[in-house]
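Peer 1: Every number in my numbering is 3 more than the matching position in the sequence shown, counting from 1.
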Amino acid sequence: NPPAPPKIEPYKTHLAYVKERRSDGDGGDILQEALDRHRAQSTD
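(1) Counting only the same chain and skipping the five closest in sequence on each side, list residues whose C-beta sits under 8 Å from that of Ser-45.
(2) Along the chain, where does the alpha helix (DSSP H) containing Tyr-1 start, and where does it finish?
(3) So for Ala-43, helix, strand or coil by DSSP?
(4) Leaving out five residues on either side along the sequence, give the residues of the same chain with a beta carbon under 6 Å from the beta carbon of Gly-31.
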């Protein structure tokens with residue numbers, strides 16, 4: 004019996020990997036924290 008053909012996984016973007024680990028709610032919270040930090044630095 005010949006070996007099974009290799010399974011080719013489609014290329015995943017960084018965003019696809021992040022979406023596997025984080026919910027949309029988590030993403031919104033992280034984005035808000037980053038925006039708050041950015042705004043605080045911009046006013047200094």
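Just so you know, even glycine gets a beta-carbon here, dropped at the ideal spot from N, CA and C.
Peer 2: Considering the structure as presented:
(1) Cβ neighbours of Ser-45 beyond the five flanking positions: none.
(2) The chain is shown only over 4 to 47; residue 1 falls outside these bounds and no answer can be derived.
(3) It is helical.
(4) Within the same chain, no residue comes within 6 Å of Gly-31 by CB-CB distance, once the 5 residues on both sides are set aside.
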